[in-house]
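Colleague: Residue numbers (our numbering), protein chains in the order written: chain F, 5 to 224; chain R, 583 to 780.
Cβ coordinates follow ideal geometry from the N, Cα and C atoms, glycine included.
Please find one structure pasted underneath; my questions will follow.
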């Protein structure tokens with residue numbers, strides 16, 4: 005169990021830290037809300053300027069599938085460049101909360117008071133613009149929607165489709181799925197004589213080896 | 583002289599240098615306080631003089647139009663009318679950083695030739711801080727985390743020599759009320775200046 009000693013008192017001093025690991029090149033962008041850069045565990049989190057908001061992080065005793073949004077200023081073209089990067093979707097997002105002593109240094113005793121709040125991957129991004137011609141203001145916000153790893157696993161499709169193309173992609177010489185296309189959507193009244201005569205388009209060689217009698221292959 | 587003029591002839595000046603703090607009171611009456619670490623920017627809300635005579639003020643207004651809400655300006659409180667705001671009460675006249683300060687620190691090690699009093703102003707690395715407690719001059723506590731990473735030996739700017747680099751968060755429009763051979767300038771709202779931290 006993680007013990008957060010920093011919250012045992014009535015005075016708490018904290019900040020949030022965000023790390024984006026973007027793309028195949030794994031380019032790292034870091035942000036925090038402090039007045040000067042802070043280095044924790046070898047990672048230097050840049051200060052000022054970019055981070056607007058970190059959305060709510062749902063905390064439950066049991067593991068939950070929670071999504072979260074991080075907002076960056078869109079006025080800075082650097083952030084727009086990050087958002088529009090080719091590999092932004094699927095990039096890793098990590099959020100920590102760090103606790104400080106009275107001189108704004110990360111507490112290190114008895115343990116470093118720096119705790120991961122969230123880890124997920126970027127599922128979608130958006131740039132919103134609030135253009136107010138009457139007030140003559142323009143506000144742009146880059147939003148990064150993140151899905152937790154649990155959500156990713158929930159939505160993950162795995163396995164192989166039982167049709168000829170997919171099957172032979174993995175097993176090139178296996179013809180057992182060759183007739184799936186023909187028998188798919190067919191009604192089989194098992195145990196009854198066939199209503200119509202059917203003829204296979206390919207001849208299936210059946211090896212009679214003793215007791216078992218071979219039948220037409222295929223399945224779906 | 584543009585925003586500086588607005589400061590020099592203001593009718594009222596509201597200062598906000600509060601930290602970002604959350605408070606919650608439990609049903610038992612206990613209060614929990616949490617500070618969210620930020621740069622704590624200075625914010626000045628200035629109610630401008632309501633009776634600028636337009637024919638004599640066009641240069642000022644044009645300078646304000648030039649800056650608008652886009653460009654920053656360094657505001658000084660050194661003039662006779664405003665020096666009461668930043669004049670130091672301590673005896674220090676020169677001071678330098680003694681060693682490179684740690685990031686976000688609120689305590690500066692200094693080499694000084696005098697003392698600081700609580701409420702005195704000092705400027706380091708372009709940003710202005712207030713001294714939170716009387717000091718003999720070798721170490722001072724400041725009211726907010728140190729911004730940036732100034733180097734050891736950096737000279738401090740003290741007292742009335744400090745300047746606040748601000749950008750207009752609200753730059754009001756104005757209405758001209760005609761009078762003989764001209765008009766009075768009526769600003770439609772107070773100016774709001776926010777420290778320009780980059």
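Taking only the alpha-carbon atoms, compute the straight-line gap between residue 1/F and residue 11/F and give it to the nearest angstrom.
Modeller: In this structure chain F extends from 5 to 224, so residue 1/F is not present and cannot be described.
Colleague: Can you tell me where the beta strand (DSSP E) with residue 37/F in it begins and where it stops?
Modeller: Segment: none, residue 37/F is in no beta strand (DSSP E) and carries neither H nor E.
Colleague: What are the partner residues of residue 30/F, as DSSP defines its beta bridges?
Modeller: DSSP, once it has assigned bridges, lists no residue as partnering residue 30/F.
Colleague: Can you tell me where the beta strand (DSSP E) holding residue 594/R begins and where it ends?
Modeller: Per DSSP, residue 594/R belongs to the beta strand (DSSP E) from 594-598.
Colleague: Report back the beta-carbon spacing between residue 615/R and residue 16/F to the nearest angstrom; my notes put them in contact at under 8 Å.
Modeller: Indeed they touch by this definition, with Cβ atoms about 7 Å apart.
Colleague: Hey, could you find the ends of the beta strand (DSSP E) residue 764/R is sitting in?
Modeller: Run containing residue 764/R: 764-769, per the beta strand (DSSP E) assignment.
Colleague: Confirm, please, whether the CB-CB distance from residue 699/R to residue 552/R is below 7 Å.
Modeller: No answer is possible for residue 552/R: it lies beyond the span of chain R, which begins at 583 and ends at 780.
Colleague: Using the C-alpha atoms, what's the distance from residue 682/R back to residue 735/R?
Modeller: In a straight line, the C-alpha of residue 735/R is about 8 Å away from that of residue 682/R.
Colleague: Any Cβ of chain R within less than 7 Å of the Cβ of residue 9/F?
Modeller: Chain R contact via Cβ: absent.
Colleague: For residue 72/F, does the count of other Cβ atoms within 10 angstroms reach 16, so buried, or fall short, so exposed?
Modeller: Residue 72/F comes out buried.
Colleague: Since residue 688/R meets chain F, which of its residues come closer than 9 Å, beta carbon to beta carbon?
Modeller: Under the 9 Å cutoff, chain F gives 106, 107 and 108.
Colleague: Got a sec? Which residues, its chain only, sit under 8 Å from residue 745/R by beta carbon, not counting five neighbours each side?
Modeller: The residues are 656, 657, 658, 705, 710 and 739.
Colleague: Along the segment 71-104 of chain F, what residues have a CB closer than 7 Å to any CB found in chain R?
Modeller: The segment 71-104 of chain F vs chain R, Cβ under 7 Å: 104.
Colleague: At a Cβ cut of 9 Å, what residues of the segment 16-44 of chain F count as close to chain R, listed as they run along the chain?
Modeller: So the close ones are 16, 17, 18, 19, 20, 36, 37, 38, 39, 40, 41, 42 and 43.
Colleague: Quick one: measure Cβ to Cβ for residue 754/R and residue 773/R, integer angstroms, because I've assumed they're closer than 8 Å.
Modeller: Their Cβ separation, rounded to whole angstroms, is 6 Å, which keeps residue 754/R and residue 773/R in contact under 8 Å.
Colleague: Since residue 619/R meets chain F, which of its residues come closer than 8 Å, beta carbon to beta carbon?
Modeller: Under the 8 Å cutoff, chain F gives 17, 18, 19, 37, 38, 39, 104 and 108.
Colleague: Spatial neighbours of residue 692/R within its chain, please: CB distance less than 8 Å, with the 5 preceding and 5 following residues excluded, ordered by chain position.
Modeller: Answer for residue 692/R: 677, 678, 679, 680, 719, 720, 721, 722 and 738, listed in chain order.
Colleague: So which of 39/F, 7/F, 28/F and 27/F has the shortest CA-CA distance to residue 732/R?
Modeller: Nearest C-alpha to residue 732/R: 39/F.
Colleague: Three or more C-beta pairs under 8 Å: does that hold for the segment 631-639 of chain R against the segment 600-608 of chain R?
Modeller: With the cut-off at 8 Å, the segment 631-639 of chain R and the segment 600-608 of chain R do not touch.
Colleague: Rounded to whole angstroms, what's the CA-CA distance from residue 36/F to residue 121/F? Just pull it up for me.
Modeller: Spanning the two alpha carbons is a distance of roughly 14 Å.
Colleague: Taking residue 741/R as the reference, give the member of 715/R, 622/R, 660/R and 756/R with the closest Cα.
Modeller: When each option's Cα is compared against that of residue 741/R, the closest is 660/R.
Colleague: Residues of the segment 712-733 of chain R with a CB closer than 8 Å to any CB of chain F: list them in chain order, please.
Modeller: Going along the segment 712-733 of chain R in chain order, one finds 726, 727, 728, 729, 730 and 731 with a Cβ nearer than 8 Å to chain F.
Colleague: Mind reading off the beta-carbon distance from residue 34/F to residue 47/F? Whole number of angstroms is fine, and I expect it under 8 Å.
Modeller: With 8 Å as the limit, residue 34/F and residue 47/F qualify as a contact, their Cβ atoms being about 6 Å apart.
Colleague: What's the call for residue 702/R, buried or exposed, on a 16-neighbour Cβ count within 10 Å?
Modeller: Label assigned to residue 702/R: buried.
Colleague: Buried or exposed: which applies to residue 621/R, given that a residue is buried once 16 or more other Cβ atoms fall within 10 Å of its Cβ?
Modeller: So residue 621/R ends up on the buried side.
Colleague: According to DSSP, is residue 221/F helix, strand or coil?
Modeller: Because the pLDDT of residue 221/F is 41, which lies under 50, any placement of that residue in the model is unreliable, and the number read from its coordinates should be weighed accordingly. Residue 221/F falls in the coil class under three-state DSSP.
Colleague: On the DSSP bridge assignment, give the partners of residue 609/R in chain order.
Modeller: Paired residue(s): none; residue 609/R is not in a bridge.
Colleague: Counting only Cβ pairs nearer than 9 Å, list the residues of chain R close to residue 14/F.
Modeller: Going along chain R in sequence order, the residues near residue 14/F (Cβ under 9 Å) are 612, 613, 614 and 615.
Colleague: Inspect the beta-carbon positions of residue 98/F and residue 23/F and report whether they are closer than 7 Å.
Modeller: Yes, Cβ-Cβ distance for residue 98/F and residue 23/F is below 7 Å.
Colleague: Let me know the secondary structure DSSP gives residue 674/R once reduced to three states.
Modeller: Residue state, collapsed to three classes: coil.
Colleague: For residue 748/R, is the classification buried or exposed, using 16 other Cβ atoms within 10 angstroms of its Cβ as the cut-off for buried?
Modeller: Buried, by the Cβ-count rule.
Colleague: Quick one: grab the DSSP three-state call for residue 616/R.
Modeller: Residue state, collapsed to three classes: strand.
Colleague: Report back the beta-carbon spacing between residue 18/F and residue 618/R to the nearest angstrom; my notes put them in contact at under 8 Å.
Modeller: Confirmed, Cβ separation roughly 7 Å.
Colleague: Between residue 144/F and residue 133/F, how many whole angstroms is the CB-CB distance? I'm expecting something under 8 Å.
Modeller: Confirmed, about 5 Å.
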